[in-house]
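Residue numbers (mature numbering (1 follows the signal peptide of the UniProt record, and there is no 0)): -23 to -1, 1 to 203.
Ideal Cβ placement from N, Cα and C applies to all residues, glycine included.
Just so it is clear, the structure is predicted and the values come from calculations on it, not from any experiment.
The block underneath contains the structure these notes are about, expressed in structure tokens.
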Amino acid sequence: MLVNRNMVRLLCLMICFAGAIESIHVAVYYEALCSDSVYFITRQLYPNYQLFKDHMTVEFIPYGKAIHTFDNTTGKYTFSCQHGKEECKGNKFQACGLAQIANEEERLDFVTCVMSASNPANIFYLENCAKKSTLDFSAMTKCAISSEGDKLLASYGDKTWNLEPNLSYVPTVVFNHSVEINFSDMNKSLVDFKSVMCSKIEQNHPDVCKSRSFMSRIKQFFSQQF
């Protein structure tokens, strides 16, 4: 029996797509001295990363509610951060640290280490976390106090100011490379990141989503019975 080649190709494509793992891009707009940023990164993002790392990519944007200007005469940037100069320093050190790390999981480990410190902008903690992530702290410091660090932080600022509407809450979490803030997704992510991720993944759900779905059906069943 002859089989239509186009049908075979279509079937192969369907099988390939069915087996593909869906990846959700998560952009975290945060700032070094923000307690809500600390909570989200250490209590929501980091604990759930292992559950979803095959289904997500993470991008960190350390800037927050800051403002930067560029002086064409001096060729220098000026930054003003929500929690003062110390926060600008912390943001810049994290920007320089992230620039040294190519591996996503190592980036998450570095940021989580810094944000877990009692003062994420303190040099002692920054150096300690840099060493844990095998970063060159001397190069990181040189970057942070130079025009290189200014340019990195300004680029994060440009990305932050490109959001629609303008960022009004820190941290802000945005999915799938969007520049539009979905406040429903964002607000829920800050307290239940796991459920938002499960709602975003449309196929080949990780086990954690399957178990949540099963429990949801049970709860729904009993709520209808009584």
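Do you know whose CA, among the options, lies nearest residue i's CA?
i: residue 127; options: 56, 144, 175 and 154; result: 56
i: residue 90; options: 52, 108 and 73; result: 108
i: residue 110; options: 180, 99, 129 and 87; result: 87
i: residue 160; options: 171, 172 and 144; result: 144
i: residue 137; options: 96, 93, 164 and 38; result: 38
i: residue 124; options: 52, 147 and 59; result: 52
i: residue 72; options: 95, 119 and 93; result: 119
i: residue 32; options: 81, 50 and 147; result: 81
Quick check on the burial criterion: 16 or more other C-beta atoms within 10 angstroms. Buried or exposed for residue i?
i: residue 154; result: exposed
i: residue 69; result: buried
i: residue 20; result: exposed
i: residue 74; result: buried
i: residue 14; result: buried
i: residue 122; result: exposed
From residue i to residue j, what distance separates their C-alpha atoms?
i: residue 43; j: residue 63; result: 12 Å
i: residue 102; j: residue 94; result: 6 Å
i: residue 165; j: residue 173; result: 7 Å
i: residue 26; j: residue 36; result: 13 Å
i: residue 112; j: residue 78; result: 8 Å
i: residue 30; j: residue 18; result: 15 Å
i: residue 84; j: residue 24; result: 14 Å
i: residue 182; j: residue 49; result: 51 Å
i: residue 162; j: residue 28; result: 19 Å
i: residue 92; j: residue 171; result: 20 Å
i: residue -12; j: residue 12; result: Unreliable placement is indicated for residue -12, whose pLDDT of 47 sits below 50; the coordinate value is still reported in the next sentence. Cα to Cα, residue -12 sits roughly 49 Å from residue 12.
i: residue 147; j: residue 100; result: 23 Å
By Cβ distance below 6 Å, which residues in the same chain neighbour residue i in space, the five residues on each side in sequence not counted?
i: residue 54; result: 45, 47, 127 and 131
i: residue 186; result: 175
Could you check if residue i belongs to the surroundings of the ligand FAD, using beta carbon to heavy atom distance under 7 Å?
i: residue 174; result: Ligands displayed in this structure: none; no statement on the ligand FAD is therefore possible.
Enumerate in chain order the residues of its own chain whose CB-to-CB distance from residue i is below 8 Å, with the five nearest sequence positions on each side excluded.
i: residue 184; result: none
i: residue 140; result: 6, 149, 151, 156, 157 and 158
i: residue 104; result: 114
i: residue 179; result: -2
i: residue 168; result: 21
i: residue 34; result: -1, 1, 2, 3 and 81
i: residue 142; result: 158
Within its chain, find whatever has a CB closer than 7 Å to the CB of residue i; leave out the 5 residues flanking it on each side and keep chain order.
i: residue 134; result: 40, 43 and 45
i: residue 177; result: 1 and 152
i: residue 59; result: 8, 41, 42 and 43
i: residue 10; result: 60, 63, 64, 67, 97 and 98
i: residue 117; result: 70, 73, 74, 77 and 107
i: residue 129; result: 72, 73 and 76
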